[in-house]
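Numbering of the sequence shown is given in the UniProt record's numbering, commencing with residue 1 and proceeding in unit increments.
Glycine included, C-beta positions come from ideal geometry on N, C-alpha and C.
See structure below.
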Amino acid sequence: TATGPNSEHSASTTQNDTRITHGEQRAYQTSRYKMQMNSQRRTAAATRARPAALGRRALRVCALNGGERPIAGSRVLQAPKYYQNSGLVDSLGELVKDMFPYVSRPAIITWNRGSDDSERLVKSFPDGALVHEHRGECSRQVVEDVLAMCKAAGIDHVVAFGGGKVIDVGKMVASSINAKTVVVPSVASTDAPCTGLSVMYTPDGAFDEYVFFPKSPDLVVVDTQVLFNSPLRFTVAGIGDAMATYYEARAVMRNPNGVTLVNPFVFRPTLLSIAVARQCAETLYEHCEAALDAKKSGGPLNKSFEDVVEANILMSGIGAESGGLAAAHAIHNALVQFPESHSMLHGEKVAFGTIVQLIMEGDEEEALRVFKFNKMVGLPTSFKDLGIDITDERLQMVAQHCLSPDSTMWNMGPHVTAEQIIHAMVKAESLTMVLV
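What follows is the structure, encoded as structure tokens:
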């Protein structure tokens with residue numbers, strides 16, 4: 001097949017875990033939901049008390065480091081309603097009204113209030129909307145500021161139009177006020193539009209944490225003409241993020257204690273979520289070259305580009321959330337502690353992390369395949385490509401960050417060591433010198 005062996009399903013039959021009752025599971029969910037809405041962190045002593053009292057970071061520890069296994073036999077798949085076509089921003093207001101006839105007070109969070117696409121989107125809401133322009137990080141202060149505006153205006157649905165950080169702000173705000181969430185990506189740079197989570201950063205751009213919601217966005221509307229007109233680099237970065245999806249989901253399935261990103265973190269992937277993740281990779285391997293050629297030449301928009309957009313946003317969103325994350329995203333989250341990495345896009349860092357993960361797994365054939373693919377589409381294959389000055393001390397910093405309790409690295413299994421991570425990073429870096 002296009003993405004390697006299909007042995008990941010055998011791991012799902014080896015679980016002999018203690019069952020959790022429905023009442024305990026509901027208590028688990030309720031505790032997590034209240035904690036997220038209040039944006040509170042529990043102390044370490046409190047989080048160790050009992051499963052139903054776990055805070056956000058402690059729940060990640062419980063789910064990923066072997067302290068608590070998945071519910072035996074429990075699988076999950078989570079997905080939003082999804083529309084994809086060209087020209088959809090012009091009819092967004094009508095589409096939202098058809099979907100949610102009882103909402104009337106929209107807030108539109110956009111990346112650029114003055115852009116032609118934003119103007120068209122705003123005009124599609126004939127009764128008006130609260131419009132807020134956001135540029136910068138998705139940080140707690142930003143979310144609190146936008147949240148205050150939306151509460152004062154009585155907003156009942158939030159439309160997030162932009163890239164990953166605008167979308168993450170929109171999802172945070174909508175979830176906090178129990179409003180409908182409508183996501184309209186302006187670039188195909190990540191799978192953020194379809195996931196029920198936001199990635200929080202500090203004001204200076206360092207990774208803070210993942211925040212998980214009880215559900216996916218209510219509606220995702222993808223205007224492929226908008227994405228086709230967007231800068232090439234964003235689409236390529238989205239390809240890097242999406243290519244990691246299958247390899248990370250495969251690692252989760254192979255690990256009997258691996259869990260998905262669906263809240264609460266006690267669920268195994270479904271066969272369908274793994275199949276979607278695999279299809280995501282196969283689509284990218286098959287269609288990226290034709291899609292990017294069309295984009296580079298200025299058009300016309302072709303089927304290959306439509307397929308790549310679906311892979312970048314929908315397939316990757318389902319595959320990542322309902323399949324789970326592993327080393328590729330753990331490497332990304334560790335790299336953002338270095339200020340020079342902030343000029344690189346999310347998917348560009350994840351793309352390098354995918355090579356590192358495959359080397360950790362001993363799958364050198366697929367590591368070489370991803371390396372060559374990255375070179376072909378223009379994704380980083382080394383720290384040098386990422387603009388990061390790497391030293392022995394920094395390698396150790398990355399490895400230690402990857403082994404933090406709330407890292408997705410734990411989906412690789414309970415016995416990962418700093419030495420393994422460092423060895424894989426060094427070997428990934430050496431591929432450039434050997435193969436180029």
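| request: Assuming Leu92 and Val184 form a contact by the criterion Cβ under 8 Å, report the distance between their Cβ atoms to the nearest whole angstrom. | output: Right, their Cβ atoms sit about 6 Å apart.
| task | Would you kindly work out how many angstroms separate the C-alpha atoms of Leu358 and Leu271, rounded to a whole number? | result | Counting only the Cα atoms, Leu271 lies some 21 Å from Leu358.
| message | Using 8 Å as the cut-off, can you tell me whether the stretch 310-326 makes contact with the stretch 255-264, which would need three or more C-beta pairs spanning the two stretches below that distance? | response | Judged by Cβ distances under 8 Å, the stretch 310-326 makes contact with the stretch 255-264, as three or more pairs qualify.
| Is the beta carbon of Val249 sitting closer than 8 Å to the one on Leu284? | A small fix is needed here, since residue 249 is Ala in this sequence, not Val. Not a contact, by the Cβ cut-off of 8 Å.
| request: Leaving out five residues on either side along the sequence, give the residues of the same chain with a beta carbon under 7 Å from the beta carbon of Tyr201. | output: Once the five neighbours on either side are set aside, the close Cβ partners of Tyr201 are Glu137, Cys138, Ser139, Phe207 and Asp208.
| said: Determine whether the beta carbon atoms of Leu331 and Cys288 lie at a separation below 8 Å. | reply: First, the amino acid is wrong: residue 331 is Ile here, not Leu. The Cβ atoms of Ile331 and Cys288 lie no closer than 8 Å to each other.
| Per DSSP, the bridge partner or partners of Met200 | Looking at the DSSP assignment, Met200 forms a beta bridge with Glu209.
| query | Should His346 and Asp223 be called a contact, given that it needs their Cβ atoms to be closer than 8 Å? | reply | Not a contact, by the Cβ cut-off of 8 Å.
| query | Between the C-alpha atoms of Ile108 and Lys97, what's the straight-line distance to the nearest angstrom? | reply | Ile108 and Lys97: Cα-Cα distance of roughly 14 Å.
| said: In this structure, how does DSSP classify His415 when only helix, strand and coil are distinguished? | reply: His415 carries a coil assignment under DSSP once its states are collapsed to helix, strand and coil.
| field | N-terminal and C-terminal residue of the beta strand (DSSP E) that Leu219 is part of | value | Leu219 to Asp223 is the span of the beta strand (DSSP E), which, as asked, contains Leu219.
| task | In the DSSP assignment, find the unbroken alpha helix (DSSP H) run with Gly319 in it and report its ends. | result | Where Gly319 is concerned, the enclosing alpha helix (DSSP H) starts and stops at Ser316 to Gly323.
| field | Cβ-based burial, Arg254 [other Cβ within 10 Å; buried from 16] | value | Looking at its Cβ environment, which holds 16 or more other Cβ atoms inside 10 Å, Arg254 is buried.
| query | Helix or strand or just coil, what does DSSP make of Ile274? | reply | In the structure shown, Ile274 falls within a helical segment according to DSSP collapsed to helix, strand and coil.
| query | In terms of alpha-carbon separation, which member of Asp191, Pro203, Phe267 and Thr391 lies closest to Phe234? | reply | Scanning Asp191, Pro203, Phe267 and Thr391 for the CA closest to the CA of Phe234 turns up Asp191.
| request: Determine the DSSP secondary structure at Phe100, reduced to helix, strand or coil. | output: Correct three-state label for Phe100: coil.
| request: Select from Ile421, Ser341, Tyr102 and Gly378 the residue whose C-alpha is nearest the C-alpha of Lys296. | output: With respect to the C-alpha of Lys296, the residue from Ile421, Ser341, Tyr102 and Gly378 having the closest C-alpha is Gly378.
| query | With a CB to CB cut of under 7 Å and the five nearest residues on each side skipped, what residues in its chain are close to Tyr210? | reply | Excluding its 5 nearest sequence neighbours in each direction, Tyr210 has C-beta neighbours in its own chain below 7 Å: Leu197 and Val199, listed in chain order.
| query | Identify the residues that DSSP records as bridge partners of Gly162: which are they? | reply | In DSSP, Gly162 forms a bridge with Pro185.
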